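Heads up: the structure comes next, in structure tokens.
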Amino acid sequence: MNDIFSFYKKITEDRDYSFVYEICFDTILEQFGYKSQTEFEKKHLTNDEYQQILDAFEHYLKRYFTVQELQQVVTKETYYYVSKDNLYRKIQYLEKNTIFLEKINKLQTTYNNNKPAMQIIHNNKAGRPKKSYNIFFVACLIEYIKQEQEKKKIVKHIKIQNLGELRQHLNNTMTDSEAYWEIILEKFDEIEDRYFKEIIKDYGMAYRNIMKILEFNRMVLENQKDLIEATNINTEEIKSIIQEYINYFINRTSLITELSSKESINYFLQDNSSFLNNTENFFEEFAVETIECDIEFYRKHASDYKFKKSSIYFCIHARKRIEEQTKIDIKNNNFYLIDNHIQLLKDFSKRYIEKPILEVEEIYKDLDWQFHLSVKNPIRQLLIDGIKASDNTTQTQQLREFLIDYKWL
Numbered sequence: 006m007n008d009i010f011s012f013y014k015k016i017t018e019d020r021d022y023s024f025v026y027e028i029c030f031d032t033i034l035e036q037f038g039y040k041s042q043t044e045f046e047k048k049h050l051t052n053d054e055y056q057q058i059l060d061a062f063e064h065y066l067k068r069y070f071t072v073q074e075l076q077q078v079v080t081k082e083t084y085y086y087v088s089k090d091n092l093y094r095k096i097q098y099l100e101k102n103t104i105f106l107e108k109i110n111k112l113q114t115t116y117n118n119n120k121p122a123m124q125i126i127h128n129n130k131a132g133r134p135k136k137s138y139n140i141f142f143v144a145c146l147i148e149y150i151k152q153e154q155e156k157k158k159i160v161k162h163i164k165i166q167n168l169g170e171l172r173q174h175l176n177n178t179m180t181d182s183e184a185y186w187e188i189i190l191e192k193f194d195e196i197e198d199r200y201f202k203e204i205i206k207d208y209g210m211a212y213r214n215i216m217k218i219l220e221f222n223r224m225v226l227e228n229q230k231d232l233i234e235a236t237n238i239n240t241e242e243i244k245s246i247i248q249e250y251i252n253y254f255i256n257r258t259s260l261i262t263e264l265s266s267k268e269s270i271n272y273f274l275q276d277n278s279s280f281l282n283n284t285e286n287f288f289e290e291f292a293v294e295t296i297e298c299d300i301e302f303y304r305k306h307a308s309d310y311k312f313k314k315s316s317i318y319f320c321i322h323a324r325k326r327i328e329e330q331t332k333i334d335i336k337n338n339n340f341y342l343i344d345n346h347i348q349l350l351k352d353f354s355k356r357y358i359e360k361p362i363l364e365v366e367e368i369y370k371d372l373d374w375q376f377h378l379s380v381k382n383p384i385r386q387l388l389i390d391g392i393k394a395s396d397n398t399t400q401t402q403q404l405r406e407f408l409i410d411y412k413w414l
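6 is the number of the first residue of the sequence shown in the working numbering; add one for each residue after it.
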């Protein structure tokens, strides 16, 4: 590799290649006695030291891993422990996967590495030869497993857990209808609780961007008002950008449109200053804690729930309907067909819980993307343009330094 430090720069900046930093660079730091990456970067290297580090990088980049070694690397980089047998099955499948192999080739081409991704290692001693894999195979393998886990991430939270144990408990209580019913009811509670925890968590993640805007307003637009007025920064345009995002956030967020009154919503959609002039009211109406309290209220008063097109309404009333059906089976008919009752629970989880959560997650991903695209980047550009167009006064310099420290320039 001709320019190893260009590669190092790439892997420390790009999360897709962070595995290389974890595998290689930490080992190299330890090997050469550096306590941190910063210490390494500040130290003046002699030619010999420089060459040693190049050689060490080359060694680790070209290194081949057995399945046993891969297991340690993969488990470190992924969300949960991957067993050796499971990893071996994945690798067997990926060795024949054309798309996967193309990704490896592309990655190797990017870094001018023409080594084989897989090779057979024959031991001098007796025994079967081992197949080993280079670091580029590791990169694509980790990416594949992470994507696989991402797909399962939401489902993992909401699917009914311990089905075998549930079936056993129901079998053991078939002679006691009250105990049988309590187990069914407990499982309904568990599914519903996970649903509400998940949507509140997702809302909280989206609301973080609102908190960033509130902090920017307080720290920059209010606290640095005098310095800003001495420049050509267009604060009205900044306020307009913020208000547009607030409008988008409110209209896109189902928990707001479903739980909040129309008066509260319309109040913050009036004009370009309605949000920044009323941040305390906005916080009181739409803070995570407020939404959480609203949800608890509507869970307890589902029959009075007025927004009858919402996923929350459907969830609560679907549960009531399925509960009644199950209760009639048990108490009126002595009907203990366990598989049917478990299937009802699974259908409830999938249709009224899993699907709405996936939809909500997509909305909040979009809100996060829109924040960077429509708020942070345009405001940063307005700040840069305004400072460039201003006279190079002491106030301008002070504001520039403040914005750099505050990570807005």
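Yeah, the Cβ is synthetic: ideal placement off N, Cα and C, and Gly gets one too.
The model shown is predicted, which means the values in this text are computed figures rather than measured ones.
Cα-Cα separation, residue i to residue j
i	j	result
K355	E197	12 Å
D299	V293	10 Å
D60	E148	27 Å
I333	E359	26 Å
I188	D352	17 Å
L171	N256	41 Å
D194	T236	58 Å
Q375	Q229	26 Å
N7	Y411	Confidence in N7 is poor, its pLDDT being 40 and thus under 50, which makes the residue's placement too unreliable to answer from.
I238	S245	13 Å
N110	V380	38 Å
Q57	Y39	14 Å
I233	T240	8 Å
H174	N345	15 Å
Of the listed residues the options, nearest to residue i (C-alpha basis)
i	options	result
V143	T180, V79 and K95	V79
C145	I233, Y411, E100 and R326	E100
I150	E82, L260 and S137	E82
N139	Q154, L168 and L106	L106
I409	I215, Y39, M224 and Y250	M224
L226	I384, E328, N176 and E249	I384
L378	N239, Y250 and Y39	Y250
Y69	E183, Q402, L349 and I126	I126
K192	L92, V380 and T331	T331
E203	E406, D373 and E366	E366
F302	S182, I321 and A211	I321
F254	M210, E242 and I243	M210
F221	D231, I243, D207 and N283	I243
Helix, strand or coil at residue i according to DSSP, with G and I counted as helix
i	result
Y253	helix
Y69	strand
K87	Position check: residue 87 holds Val in this sequence, whereas Lys was assumed. Residue state, collapsed to three classes: coil.
N237	coil
K412	coil
T80	helix
Q403	helix
G169	helix
A144	helix
F319	helix
D396	coil
A211	helix
E100	coil
N345	helix
Y39	coil
T295	helix
K120	coil
F280	coil
Endpoints, beta strand (DSSP E) assigned at residue i
i	result
M224	Per DSSP, M224 belongs to no beta strand (DSSP E) and is neither H nor E.
I126	M123 to I126
S137	K135 to N139
Exposure of residue i, with buried meaning 16 or more beta-carbon neighbours within 10 Å
i	result
D396	exposed
T399	exposed
Y369	buried
N214	buried
A394	exposed
I104	exposed
P121	exposed
R324	buried
D371	exposed
S137	buried
A184	exposed
R405	buried
L168	exposed
Enclosing alpha helix (DSSP H) for residue i [first to last residue]
i	result
L106	T103 to T115
Q357	A small fix is needed here, since residue 357 is Tyr in this sequence, not Gln. Per DSSP, Y357 belongs to no alpha helix (DSSP H) and is neither H nor E.
I335	Taken as a continuous stretch (DSSP letters only), I335 belongs to no alpha helix (DSSP H), as it is neither H nor E.
D181	Per DSSP, D181 belongs to no alpha helix (DSSP H) and is neither H nor E.
G391	N382 to K393
S269	K267 to Y272
N2	Outside the modelled stretch of the chain, which goes from 6 to 414, sits residue 2, for which no answer is possible.
Any non-hydrogen atom of the ligand SAH within 7 Å of residue i CB
i	result
A184	Looking for the ligand SAH in the displayed structure turns up nothing, as the structure carries no ligands at all.
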